[in-house]
Amino acid sequence: MKTMLFATAAIAAAAFGATTASAQSLSQPQVYGSIGATATDNNESDSSLNSMNARVGAKLTPHFGVEGELASGTNGDTTNTGRYKLTNKKAAYAVGFVPVSDKVDLIGRVGVSDTKLKKYNNQAIAEDGTALDVGVGAQVHLNESYAIRGDYTRSSFKDDKGDADNVTVSVVKKF
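In my numbering, the protein residues as written are 3 to 177.
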């Protein structure tokens with residue numbers, strides 16, 4: 003977790019430094035949306051769950067933006083600790099962008115999510131509720147309108163409800 007926080011802080015610092023050092027700004031926010039697939043490994047329940055997600059964001063400066071995310075589960079998993087299925091996840095993030103070339107951006111994001119897991123047999127659910135999310139990733143621009151994005155986000159749930167590792171691949175459309 004410390005490595006993840008350090009990596010995100012480094013990207014955020016680089017994005018902030020690039021923003022303050024540059025006179026360049028966006029005349030209006032660059033709005034984008036994406037659809038993607040996420041694989042989640044939950045450490046407390048030992049479950050592996052998949053979901054489809056949709057994100058909408060706005061790049062407010064060349065190096066900083068905000069985005070919201072909605073996800074819906076696509077499978078269930080039965081482990082030694084019980085049976086689990088993601089019902090939905092909602093999240094909001096601050097996002098830092100650091101261009102490494104004309105076609106590639108590094109991404110760091112930090113935010114808050116709310117995850118709901120389907121409960122079977124009144125069992126206690128671990129990775130459920132509010133979490134602090136910290137993530138890193140990269141985005142490859144295919145052209146001026148589309149990009150492919152891959153990212154890793156660590157969700158740390160409050161009240162000792164465990165952690166979840168989320169890996170997402172998505173197609174991004176810039177409007």
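No residue lacks a Cβ here, since even glycine has one placed at the ideal position from N, Cα and C.
Remember, it's a predicted structure, so these values are computed and weren't measured experimentally.
>> On the criterion of 16 or more Cβ atoms from any shown chain inside 10 Å, does Lys160 qualify as buried, or is it exposed?
In response: exposed
>> Give me the residue from Ala94, Asp130, Lys175, Thr76 with the minimum Cα distance to Lys2.
In response: Given that the chain is displayed from residue 3 to residue 177, the structure contains no residue 2 and the question cannot be resolved.
> Among all the DSSP beta bridges, which residues are the ones paired with His143?
Replying inline: Ala149
>> Report the CB separation of Gly75 from Lys175 in whole angstroms; it is logged as a contact under 8 Å.
In response: With 8 Å as the limit, Gly75 and Lys175 do not qualify as a contact, their Cβ atoms being about 24 Å apart.
>> Less than 8 Å between C-beta atoms, sequence neighbours within five positions excluded: which residues of the same chain meet that for Gly164?
In response: Asn44, Asn45, Glu46, Ser47, Ala128, Glu129
> Can you round the beta-carbon distance between Tyr154 and Val138 to whole angstroms, since I take them to be within the 8 Å contact cut?
Replying inline: 6 Å
> Which residue from Thr132, Val100, Ser172 puts its Cα closest to that of Tyr148?
Replying inline: Ser172
> Can you give the beta carbon distance from Val112 to Thr132, rounded, assuming they're within the 8 Å contact cut?
Replying inline: Val112 to Thr132, Cβ: 14 Å. No contact.
> Would Leu119 be called buried (16 or more neighbouring beta carbons within 10 Å of its own) or exposed?
Replying inline: buried
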